[in-house]
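Chemist:
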Amino acid sequence: MSLKVEISFKLNGVARTATVPADMSALEMLRDVLGFTGTKYGCGEGECGACTILVDGTSLNSCLLFAVDCDGRNVVTIEGLAAEPKAEAVQKGFVEKWAVQCGFCTPGMVVQATHLLNENPNATDEQIRRGIEGNLCRCTGYVKIVEAIAAARDSVKQQGAA
Amino acid sequence: MTIERYVSPLTLDEAAGIMSQGGVTVLAGGTDLMPQVHSGKLKFKPMLMNIRRVGELQGISMQSGVIRIGALATITDLLTNELVREQLPALADAADHFASNQIRNAGTVGGSLCNASPAGDVAPPLLVYNAQVELVSRPNGSMQVRTLPLAEFFTGPGRTRMEPNELLAAVRVPVPKAGTIARFVKFGTRPALDISTISIAIGGVKKGRALHEVRVALGAVAPVPLRAALTEAALEGKDLDAALIDTAAKTAHDEIKPISDIRASAWYRQELVHNIVKRMLTDVAQS
């Protein structure tokens, strides 16, 4: 057995502690230790983006992040984005544009799209495509996904202007 | 081997001291370490040292004509940092073609160099910019720093000239001279998340129609990212006309002995190098 390490961090705004093996990924910790199963395990090697989370405000593949490296940091998963206005706009966009088929890539797509719009609220459609280049959809619904994120961008801008 | 101790030092002094005890696996971004451990390519040593909180390894700064890129600068930092964008555009270009947003946000410059992949995308532009690596150790209780040209750093796939007790602290890049032109091109089957089939960086100081202090660096054509010395010599100080560009492209083609693997055959890699060198030099001649 690998050494276990106790870590404290903020998860979706709430202070948490966890005792995790030193070689465990943040993804395994979230799903198997803490029960946050919204973050998906796709490939386990950073190719698919289904496990995307926000750490200190930036998007990362949680399968490539060591759980011990969450110590002292601010971690946000798809569950934590439920009431966040920008993420809400993204989720609404996905529903309205029919951008969900099997749904497995959706949590990662929504987290990454939210990060993209946080960084660049005026992202062009081309920048949206570049922004989700690390997220695979095997139902191949990219056109609708890009439309969904563009709709979220437009609605957030409209709300800002109103 | 399982991990027996986990440490997360805050200072370079502390980190270098831990390295000198031996048996350390260094963790930075984790984007290479995690898959390599899972695939069995790499085994953990008894101590896992997370260097991400070491202050001296962060940041990008300029001092007396040298840009110092801390080992922990992420690929996203290269893409967004004003100094890099203005002074080292070919490096910013390489960062733009690097993996995906999520991986660029985690992966570090130091990690990419220490991983020493022949296809590592930050190496060719750094070779063209004449980068040096800053290696630190604390052999007898006092810190020692040595620098090594990046061109001498790599010795094979996954292997470098770094001693077991050393840490890569930073990359030092001299501020390019006025008139410097540098370009980077990566070829892969898709723009994102693809390991380079080949990558090429070309740089030099343009005076009139000629390039001086020419540097050509190639990725994924040999066991290490390397400088193409014969191609550089063919170009040095001569007018960049169609005949010279042809000669240089042929020289680059003949100078390399790539392998065939899952990404491309040796023949295809040589064709790519020939055609892309030609395209890049034509672009440089017109700029």
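Residue numbers (our numbering), protein chains in the order written: chain Z, 10 to 171; chain D, 20 to 306.
All C-beta atoms in this analysis are idealised placements derived from N, C-alpha and C, irrespective of residue type, glycine included.
#1: Counting Cβ pairs, one atom from each stretch, are 3 or more of them under 8 Å apart for the segment 60-78 of chain Z and the segment 139-155 of chain D?
#2: Ile16(Z): buried (16+ other C-beta within 10 angstroms of its C-beta) or exposed?
#3: In chain Z, what lies closer than 8 Å to Ala125(D) by C-beta?
#4: Which residue wins for smallest C-alpha separation from Pro158(D), given the options Ile295(D), Ala34(D) and Val204(D)?
#5: Within 10 Å of its beta-carbon, does Arg228(D) have 16 or more other beta-carbons around it, so buried, or fewer, so exposed?
#6: For the segment 50-78 of chain Z, list the beta strand (DSSP E) runs that are entirely contained and at least 3 residues long, ordered along the chain.
#7: Going along the segment 22-46 of chain Z in order, which residues come within less than 7 Å of chain D, judged by CB to CB distance?
#8: Between Gln102(Z) and chain D, is the shortest Cβ-Cβ distance under 8 Å, so that the two count as touching?
#9: What do you get for Cys79(Z), buried or exposed, if any count of 16 or more other CB atoms within 10 angstroms of its CB means buried?
#10: In this structure, how does DSSP classify Ser306(D) when only helix, strand and coil are distinguished?
#11: Check distances from the C-beta atoms of the segment 49-69 of chain D to those of chain Z and list, in chain order, the residues that come in under 9 Å.
#12: Taking the beta strand (DSSP E) that Gly36(D) belongs to, which residues open and close that run?
#13: Ordered along the chain, which non-local residues of its own chain (more than five positions away) have a Cβ less than 6 Å from that of Thr50(D)?
#14: I'd like to know if the segment 54-66 of chain Z and the segment 117-129 of chain Z are in contact, where contact means that at least 3 CB-CB pairs between them fall below 8 Å.
#15: Does the beta carbon of Gln121(D) sit closer than 8 Å to a beta carbon anywhere in chain Z?
#16: For Tyr287(D), which of His272(D), Gly160(D) and Ile86(D) has the nearest alpha-carbon?
#17: Do Ala211(D) and Tyr148(D) have their beta-carbon atoms positioned less than 8 Å apart in this structure?
#18: Would you list the residues sitting across from Ser80(D) in a DSSP beta bridge?
#19: Assuming contact is defined by CB atoms lying nearer than 8 Å, are Ala47(D) and Gly175(D) in contact in what I supplied?
#20: If you scan the segment 88-130 of chain Z from start to end, which runs of the alpha helix (DSSP H) of 4 or more residues do you find wholly inside it?
#21: For Gln168(Z), count neighbouring Cβ atoms within 10 angstroms of its own Cβ and tell me buried if that reaches 16, exposed if not.
#22: Out of curiosity, what's the CA-to-CA distance linking Pro116(Z) and Lys13(Z)?
#23: Sort Ser218(D), Gln40(D) and Val73(D) by Cα distance to Ala189(D) and report the nearest one.
#24: Against chain Z, which members of the segment 25-39 of chain D pass a CB distance test of less than 8 Å?
#25: Does the Cβ of Cys114(Z) have 16 or more other Cβ atoms within 10 Å, making it buried, or fewer, making it exposed?
Modeler: Well, looking at it:
#1: Of all C-beta pairs linking the segment 60-78 of chain Z to the segment 139-155 of chain D, fewer than three are shorter than 8 Å, placing the two stretches out of contact.
#2: When all chains shown are included, Ile16(Z) counts as buried.
#3: For Ala125(D), the chain Z residues whose Cβ falls inside 8 Å of its Cβ are Leu69, Asn70, Leu73 and Leu74, in order along the chain.
#4: For Pro158(D), the closest C-alpha among the options Ile295(D), Ala34(D) and Val204(D) is that of Ala34(D).
#5: Flag for Arg228(D) reads exposed.
#6: For the segment 50-78 of chain Z, the continuous beta strand (DSSP E) assignments of 3+ residues that do not extend past its boundaries occur at 61-64 and 67-70, in sequence order.
#7: Of all residues in the segment 22-46 of chain Z, only Ala31, Asp32 and Ser34 come within less than 7 Å of chain D when Cβ atoms are compared, listed by chain position.
#8: Sequence inspection shows Gly at residue 102(Z); the Gln mentioned does not correspond to that position. Taking Cβ atoms only, chain D never reaches closer than 8 Å to Gly102(Z), which makes this a no.
#9: Under this definition Cys79(Z) is a buried residue.
#10: DSSP places Ser306(D) outside both helix and strand once states are collapsed to three, so it counts as coil.
#11: If the cut-off is 9 Å between Cβ atoms, the segment 49-69 of chain D has Gly49, Thr50, Asp51, Leu52, Met53, Pro54, Val56, His57, Ser58, Phe63, Leu67 and Asn69 near chain Z.
#12: Where Gly36(D) is concerned, there is no enclosing beta strand (DSSP E), although the alpha helix (DSSP H) around it starts and stops at Leu31 to Ser39.
#13: Here the set comprises Ile122, Ala125 and Gly126.
#14: Touching, yes, given that three or more Cβ pairs across the two stretches are closer than 8 Å.
#15: With 8 Å as the cut-off, Gln121(D) counts as an interface residue toward chain Z.
#16: The residue with the shortest Cα to Cα distance from Tyr287(D) is His272(D).
#17: Cβ atoms of Tyr148(D) and Ala211(D): not closer than 8 Å.
#18: In DSSP, Ser80(D) forms a bridge with Arg87(D).
#19: For Ala47(D) and Gly175(D), no; Cβs fall outside 8 Å.
#20: DSSP runs (the alpha helix (DSSP H)) wholly in the segment 88-130 of chain Z: 94-105 and 115-128.
#21: Taking all protein chains in view, the Cβ of Gln168(Z) is surrounded by fewer than 16 other Cβ atoms within 10 Å, so the residue is classified as exposed.
#22: About 29 Å.
#23: Checking every option, the nearest Cα to that of Ala189(D) belongs to Val73(D).
#24: If the cut-off is 8 Å between Cβ atoms, the segment 25-39 of chain D has Tyr25 and Ser27 near chain Z.
#25: The C-beta of Cys114(Z) has 16 or more other C-beta atoms within 10 Å across all chains shown, which makes the residue buried.
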